[in-house]
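Peer 1:
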DNA sequence: TTAAGTGTATTAGTTGTAATAGTACACATC
DNA sequence: GATGTGTACTATTACAACTAATACACTTAA
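Chains as they are written, first to last, in this note's numbering: chain U, 636 to 760; chain E, 636 to 760.
1. Between the alpha carbons of residue 740 (chain E) and residue 719 (chain U), how many angstroms are there, rounded?
2. DSSP has residue 703 (chain E) in a bridge; who is on the other side?
3. I need the DSSP call for residue 669 (chain U), collapsed to helix, strand or coil.
4. Please identify the residue among U:659, U:642, U:649 whose C-alpha is closest to the C-alpha of residue 686 (chain U).
5. Which residue's Cα is closest to the Cα of residue 665 (chain E): E:722, E:711, E:742, E:734?
6. Leaving out five residues before and five after residue 713 (chain U) in sequence, what residues of the same chain have Cβ atoms less than 8 angstroms from its Cβ?
7. State the Cα-Cα distance for the pair residue 750 (chain E) and residue 730 (chain U), rounded to the nearest angstrom.
8. Does DSSP put residue 662 (chain E) in a helix, in a strand, or in coil?
9. Are the region 651-662 of chain U and the region 675-695 of chain U in contact at 8 angstroms, needing three or more beta carbon pairs?
10. Exposed or buried, residue 645 (chain E), counting other C-beta atoms within 10 Å across all chains shown (16 or more means buried)?
11. Against chain E, with Cβ distances strictly below 7 angstroms, would residue 740 (chain U) count as a contact?
12. Give me the subset of the region 682-707 of chain U whose CB atoms are less than 7 angstroms from a CB atom of chain E, sorted by chain position.
13. Ignoring anything shorter than 4 residues, give me the alpha helix (DSSP H) runs that lie fully in the region 709-748 of chain U, in order along the chain.
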């Protein structure tokens, strides 16, 4: 369910955050579903429990999950607020990327071409 | 000519690299033009000379500049190789961003809309 | 020739973040 | 009561970014 690339520059806890967000966005994880427990996931991935906890805390803060002592960490029943925030953040990233393309003089036609090609093959993603 | 945001998560030397690339891409810096000297820029920005040197070394490596001991650091006469690499790297970044949009379920129409709006206002960038 | 200004190299030390390690506490469930 | 859950805390290690200080080689111009 979760996979860590130790060679990536992205911190492990960020990798977990990103993957959890994607699992929910792709509806593999649905509202009410439990995430692996802090300890079990730490064993599965071979990393320290504190690192998992750091990721889960951030997921709580982003209103994707609710963690309850003694029970576990669950995807929120209402994730509309999270999904809105996720899309907003991603659109901001996209706009920043496009502004760079413009400042680098990359023509719109080239960008459009790439965009359509990627969306055409969206099954593969 | 260069401005550093100390609050940014981006390392100072990367900020310098990015800004130099943009200055050349926007033709504010042209082939043959000198960059500020390591020492003068370090004083202007209030940072250590070594940090500037690290940025300039990377710019040399990316074939944007040529540094000559005793003379200075200059934009290469032939920057075609650099510009090609720059566009290639930026396209890769763009594709990664779009893949995330897809995995987050953001519709193509929304992305297209944003893209065209940004390119329509390209003067402002 | 000399002085000043260039890039370059080396070594050392400081700072901040990521991650680990170990322990302890509070809560829920059976 | 035992087990499994999230949470909290401190200490430690590892690494990258950055600073600091110094030295060297080269170019230019007085």
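Just so it is clear, CB atoms sit at the ideal spot from N, CA and C, and this is done for glycine as well.
Peer 2: Well, looking at it:
1. Looking up residue 740 (chain E) in the second chain gives position 105. Looking up residue 719 (chain U) in the first chain gives position 84. Spanning the two alpha carbons is a distance of roughly 11 angstroms.
2. Taking the second chain and counting its residues from 1, the one referred to as residue 703 (chain E) is at position 68. DSSP, once it has assigned bridges, lists E:707 as partnering residue 703 (chain E).
3. Working through the first chain from its first residue, we reach residue 669 (chain U) at position 34. Collapsing the DSSP output to three states places residue 669 (chain U) in a strand.
4. For the purposes of this step, residue 686 (chain U) is identified with residue 51 of the first chain, where counting begins at 1. The shortest Cα separation from residue 686 (chain U) among U:659, U:642, U:649 belongs to U:649.
5. Position 30 of the second chain, counted from the start, is the residue given in the question as residue 665 (chain E). Comparing C-alpha distances from residue 665 (chain E) to each of E:722, E:711, E:742, E:734 shows the shortest one belongs to E:711.
6. As a first step, residue 713 (chain U) must be located in the first chain, where it is residue number 78. The answer, listed in chain order, is 666.
7. Counting from one through the second chain, the residue named residue 750 (chain E) turns up at place 115. Counting from one through the first chain, the residue named residue 730 (chain U) turns up at place 95. Cα to Cα, residue 750 (chain E) sits roughly 8 angstroms from residue 730 (chain U).
8. Here residue 662 (chain E) corresponds to residue number 27 of the second chain, with the count starting at 1. Coil at residue 662 (chain E), not helix or strand.
9. Between the region 651-662 of chain U and the region 675-695 of chain U there are three or more inter-stretch CB-CB distances shorter than 8 angstroms, so the stretches are counted as touching.
10. The residue you call residue 645 (chain E) lines up with position 10 of the second chain. Result: exposed.
11. Counting from 1 along the first chain, the entry for residue 740 (chain U) is found at position 105. For residue 740 (chain U), the answer is yes, since a Cβ of chain E falls inside 7 angstroms of its Cβ.
12. For the region 682-707 of chain U, the set of positions with a beta-carbon nearer than 7 angstroms to some beta-carbon of chain E is empty.
13. Runs of alpha helix (DSSP H) with 4 or more residues, each lying fully within the region 709-748 of chain U, are found at 715-738, listed in chain order.
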